[in-house]
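Visitor: Residue numbers (this note's numbering): 6 to 147.
Where a beta carbon is used, it is the ideal one built from N, C-alpha and C, also for glycine.
Please see the structure below; I have some questions.
Structural data, given as structure tokens:
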């Protein structure tokens with residue numbers, strides 16, 4: 006019995022070596038949001054708008070002040086917050102300031118994936134920002 010459990014555990018670890026693989030999405034460089042980004046004036050604000058558009062139909066839940074929201078519901082609220090609170094920061098600075106705790110109850114904002122795993126939204130957004138910036142650099146290198 007113990008051997009079976011160990012075998013199953015090894016198989017699981019081999020099939021799912023990292024949580025990022027489990028939550029795989031279309032790479033940002035292949036997304037419609039990135040294609041739209043390339044057609045518009047670029048800058049730090051445009052990167053944030055691109056990420057918002059990338060998440061619009063995401064397969065995750067946003068946990069904000071203890072309530073769960075689907076991205077399509079949260080999108081207009083997040084977009085309004087961005088448009089009214091952006092003040093010339095770099096995208097990374099703005100994410101660190103605005104995407105970690107809610108402005109109301111000061112609770113950490115989480116993303117909940119289909120497998121139940123929770124991650125601070127800021128961490129996911131910063132990781133995707135890095136991917137976006139790599140994609141931008143590749144386009145400029147061509």
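Please report the distance separating the alpha-carbon of residue 82 from that of residue 35.
Guide: Distance between the alpha carbons of residue 82 and residue 35 is about 25 Å.
Visitor: For residue 114, which residues in the same chain have their Cβ closer than 8 Å to its Cβ, ignoring the five residues on either side in sequence?
Guide: These residues qualify, in order along the chain: 67, 68, 69, 104, 105, 106, 107, 125, 126, 127.
Visitor: Would you grab the beta carbon distance between residue 102 and residue 94 for me? Rounded to a whole angstrom, and I think it's under 8 Å.
Guide: Between residue 94 and residue 102 the Cβ distance is about 7 Å, and since that is below 8 Å, they are a contact.
Visitor: Distance check for residue 130 and residue 62, CA to CA, integer angstroms please.
Guide: When rounded, the distance between both Cα atoms is 15 Å.
Visitor: Along the beta strand (DSSP E) that carries residue 73, what are the first and last residues, could you check?
Guide: Counting along the chain, the beta strand (DSSP E) containing residue 73 begins and ends at 72 to 74.
Visitor: Check the DSSP bridge columns for residue 67 and list the partner residues they point to.
Guide: Bridge partners of residue 67: 74, 116.
Visitor: Tell me which residue opens and which closes the beta strand (DSSP E) that residue 123 is part of.
Guide: Residue 123 -> beta strand (DSSP E) spans 123 to 125.
Visitor: In whole angstroms, what is the alpha-carbon distance linking residue 76 and residue 58?
Guide: Distance between the alpha carbons of residue 76 and residue 58 is about 10 Å.
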